[in-house]
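Numbering (the UniProt record's numbering), first residue to last: 1 to 339.
Just below is one structure, and these are the notes that go with it.
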């Protein structure tokens, strides 16, 4: 059976012409390889062809590069978003810690001022913390975290590093209530430091002011004068700052001067306060001396000389009328019996 020949492949077709054509092609290939090896001119041809083919490669790779770039961009955006969120959280936490540190530093500064006040004045004091504030129109009071279990008593003076704040008016087992000096029902004896004038400072409904309504017209009082406790009344010790006079003017009747003063204590900012255990000395007559003599229950000294008996009281003679109408005198004996 004869094989079918493909007429489309003349290079490998049988016959002399096909063999000669193959030899020519092989010789041409060898010549080109030798010339390219020695002259290198074919590299220039390849370089020129690469310039033409390179844009085709780039265009063919654009979809893949675009998809990869979009994937990377999305991943980078997600990472950046997460990193930005973490940085925001870290920043908020750092700000919170910084604010807390500033608050702690301020609190430590106030405590240091309180301790400096205690050490400089050698006071017997007790540290307390505010846990409640009531600054209404008709009452200005604070609640402290110490009470009867901490030996707090009614009447104790409350101060801070700047001056007098008020006094304890109510004591519970674990807490206590103090009335501020600005309370409308509070009054404190004060002295004007510059002149020594004594007067009384009352609280006002303004909440942050003291009033001095009973200053004599002839008194030398000026804005800026310092007010300190006078010690009268036996409640507030002498010499504690109370406030500073802001303005002075005559009353409506013109018989007195009235002044307004700013409290020295930080009534609206203090968080830690001191309770004084040393009260002012009572202004009044001294206590009576105890009765002289040996204490009760002590045996008398046998070597002591005998005590001289006190003379019996002598009663006056009484004149009584007689039967004849003449007065008769009756004598009284030493023991008080009438014969």
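Glycine is no exception: its CB is placed at the ideal position from the N, C-alpha and C atoms.
Owing to the predicted nature of the structure, the values given are computational and were not obtained by experimental measurement.
N-terminal and C-terminal residue of the alpha helix (DSSP H) that residue 18 is part of
16-39
At what residue ranges does the stretch 157-211 contain a whole run of the beta strand (DSSP E), taking only runs of 3 or more?
157-159, 164-171, 176-180, 187-192, 198-203
Assigned exposure category for residue 132 - 16 Cβ within 10 Å defines buried:
exposed
Could you tell me which uninterrupted beta strand (DSSP E) segments, each at least 3 residues in length, are contained entirely in the stretch 202-282, listed from first to last along the chain?
210-216, 226-229, 241-250, 256-263, 272-276
Counted within 10 angstroms of its Cβ, other Cβ atoms place residue 162 as buried (16 or more) or exposed
buried
Can you tell me whether residue 141 is helix, strand or coil according to DSSP?
strand
Near residue 153, what residues of its chain come up, given a Cβ to Cβ distance below 8 Å and the 5 sequence neighbours on each side ignored?
168, 171
Based on Cα-Cα distance, which residue from 182, 157, 187 lies nearest to residue 176?
157
On the three-state DSSP scale, how would you describe residue 155?
coil
Distance between residue 151 and residue 196 (C-alpha atoms, nearest Å)
35 Å
Is the beta carbon of residue 199 less than 9 Å from the beta carbon of residue 181?
no
DSSP three-state assignment for residue 56, whether helix, strand or coil:
helix
Quick test of your reading: residue 101 and residue 141, contact by CB under 8 Å. State the CB separation rounded to the nearest angstrom.
With 8 Å as the limit, residue 101 and residue 141 do not qualify as a contact, their Cβ atoms being about 32 Å apart.
Closer than 6 Å by C-beta to residue 219: which residues in its own chain qualify, once you throw out the five before and the five after it? Chain order, please.
197
Let me know if residue 268 comes out buried or exposed under the rule of 16 or more other beta-carbons within 10 Å of its beta-carbon.
exposed
Under DSSP, the beta strand (DSSP E) around residue 134 begins and ends at which residues?
125-135
Based on Cα-Cα distance, which residue from 231, 224, 246 lies nearest to residue 194?
224
Drop a sphere of 10 angstroms on the beta-carbon of residue 292, count the other beta-carbons inside from all chains shown, and report buried for 16 or more, exposed for fewer.
Any answer about residue 292 is weak, because its pLDDT of 44 lies below 50 and its placement is not dependable; what the coordinates show is given next. Residue 292 comes out exposed.
State yes or no: is the C-beta of residue 242 within less than 9 Å of the C-beta of residue 130?
no
Pairing CB atoms from the stretch 204-214 with CB atoms from the stretch 243-260, are three or more of them under 8 Å?
yes
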